[in-house]
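Reading through the structure tokens given below for one structure.
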Amino acid sequence: MIKDRPIVALFDNDGVILDTESQYSIFWGAVGRKYHPEIPNFDHVIKGQTLVYILDTYFPDKDLQKQVVGELYEFEENMDYGYIPGVYDFIQELKEHGVKTVVVTSSDQSKMNHVYRSHPEFKVMFDRILTSEDFKASKPDPYCYLLGAKLFNAPLENCMVFEDSFNGLKAGKAADIFTVGVATTNSRDSIESKSDYVIDDFREFSYSKMMDLLH
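Heads up: the sequence shown is residues 42 to 256, going by this note's numbering.
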């Protein structure tokens, strides 16, 4: 770690900051069974990818895209946007120590507007919020995390990624950034080989632990 350069914490959103992945699994599981019964575990296949990528890849018909998007937006209006245990306090601790905090989410602005209505404090919790509109490629492409580091001119060894999905973990590792797997969506065993470190949630994680891992 380079001590005179910024330290940056890069957070995926769903399943890392917000406890929403189980709800999305229900939605995309139903969509998969309805439109792509030939793809087992459709909800796991598309996790961590942008809506644009999902639509272009699995729903190329424009009318069907509109139908799926309409169903998704209606679902998101009624979702529960609770925080992952411990994450709010952890982010506040990072800010107190001058760590830059960035949300790196595959969600679009429309989805994030629901989050902001549910949590008016969300925007000021972070130094930057990057959404799918900011990325040229979907996870597991590392571009999104490299962009997050570049925003603050931070060397990659001064950064840490927090991810729960397989595609997101692959993106963090491909960016050559220390990647913490959060075992909220997938089991510890399934993400251990894809992570540099694994936590169940943020209740036992801290700024000092982060610094120990980066040294």
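Heads up, the beta-carbon is just placed ideally off N, CA and C, and yes, glycines get one too.
Next item on the list: Measure the Cβ-Cβ separation of Asn227 and Gly89 and say whether it is below 8 Å.
Entry: no
Notebook entry, point to check: Residues bridged to Ala50 by DSSP?
Noted result: Thr142 and Met201
Notebook entry, point to check: Identify the residues that DSSP records as bridge partners of Asp55: which are they?
Noted result: Leu59
Next item on the list: Starting from Phe219, follow its DSSP beta bridges and name the residues at the other end.
Entry: Met201
Check: Can we say the region 96-103 touches the region 137-150, given the rule of at least three CB pairs closer than 8 Å?
Finding: no
Notebook entry, point to check: Out of curiosity, what's the CA-to-CA distance linking Ser126 and Val72?
Noted result: It should be pointed out that residue 126 corresponds to Pro in this sequence rather than to Ser. Straight-line Cα distance between these residues: approximately 29 Å.
Check: According to the Cβ coordinates, are Tyr94 and Ser151 closer than 8 Å?
Finding: no
Item checked: Selection from Tyr122, Phe167, Ile218 and Asp55 that minimises the alpha carbon distance to Ala195 -> Ile218
Margin query: Checking 8 Å against the spacing of the C-beta atoms, do Asp205 and Thr220 come in under that value?
Written below: no
Next item on the list: List the endpoints of the continuous alpha helix (DSSP H) containing Leu96.
Entry: Leu92 to Tyr99
Note to self: Helix, strand or coil, according to DSSP, for Leu192 in the structure here?
What the structure shows: coil
Notebook entry, point to check: Starting from Ile132 and walking both ways along the alpha helix (DSSP H), at which residues does that stretch end?
Noted result: Val128 to Glu137
Check: What is the DSSP secondary structure of Arg74, reduced to helix, strand or coil?
Finding: helix
Next item on the list: Select from Ala215, Phe193 and Asp241 the residue whose C-alpha is nearest the C-alpha of Ala50.
Entry: Phe193
Item checked: According to DSSP, residues forming a beta bridge with Leu171 -> Val145
Checklist line | Boundaries (first-last residue) of the beta strand (DSSP E) holding Tyr238 | finding: Tyr238 to Ile240
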